[in-house]
Every structure is written in structure tokens, then in C-alpha cells.
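Counted from 1, the sequence shown has number 126 at position 87 by this note's numbering; the numbering is strictly sequential.
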Amino acid sequence: MSVEMLQQVRERMMPMLRLVADEYRSRVPEGYPIVVDAVDRGVFGLEIDPSYAIYIASDGDQLFVDCYWRSSRYDARSSAMREIFSGSPIFDRRPLSLYVTDLQLRNMIAELMSRHNAQPGLVHISDS
């Protein structure tokens, strides 16, 4: 059942991913962004660059949103009680409802774009 749901979500989300890929093509390292379209293997998504990606995946029973990004090199919220390592990779897996809306899909992509655009040192690449 999950593979059929993955295919339905793919049909709705793939135009959004391709549009974002076209927008970022001139802003990211050569060879990126990469649109991953492997529904037969249970995954599709977008890699903006090596450190920022979103995938919609299926384990056969349930759908998940897998987000990958790097933490900021500076974080004012770090303290002795709550240590945060700068630049460490963050992998976030969230369950995806079978009744996900187009707005929710768009917001997941927007969250990834926001994280990419807010990274320090890339002012010349991202929108100002």
C-alpha cells in the first residue's frame, strides 16, 4: 500500500522539486541540484547540494520525510548544559500522513530552502 501512496505523493510533489532544482541550478556547486526519482526503490526527493536534501521514502508500510542538513557554524543557544557541535550533520525523519496536503509538501521544501539560504558564508550564492 505504501508504494502506491508514494507514487501519488510523487505525482504531486515532483513538479515542485523540479522547479526548485531549476531555481537553484546557478547557485550551488556544479552537478547539483539532483532530483532523485526512484519510486521503484521506495524514494524520491531533492539534493540541493551535498549538505542539504529532502527525500520522501517508504519502508513498505509507512511513508517518511527524510531531511538532511548541516547545523550552523555558530549557535548562540549552545551552553555548557546544552552542547551543540557546529557544522555537524542533522538527519531528521518524520512520518508522513497518508492525507498530506499540497501545502504541507510545499512547506517541507520551503523549510529545506530556508535552511540552505540561511547558511553563513554563502551570501553571494543565495538570495538577499
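From the three backbone atoms N, C-alpha and C, an ideal C-beta is built for every residue, glycine too.
- Apart from sequence neighbours up to five positions away, the residues of its chain that approach L135 with a beta-carbon distance below 7 Å are I95, L102, F103, V104, ordered along the chain.
- Cβ atoms of R154 and Y91 come within 8 Å of each other, at about 6 Å.
- In the structure shown, E86 adopts extended strand secondary structure according to DSSP, grouped into three states.
- Burial state of S97 is buried, judged by a 10 Å Cβ sphere holding 16 or more other Cβ atoms.
- The C-beta of V42 has fewer than 16 other C-beta atoms within 10 Å across all chains shown, which makes the residue exposed.
- Shown here, V59 sits in a helix according to DSSP, grouped into three states.
- A straight-line Cα-Cα distance of about 7 Å links R57 and V74.
- For A96, the enclosing beta strand (DSSP E) covers residues 91-97.
- Just so you know, the alpha carbons of V67 and I87 end up roughly 7 Å apart.
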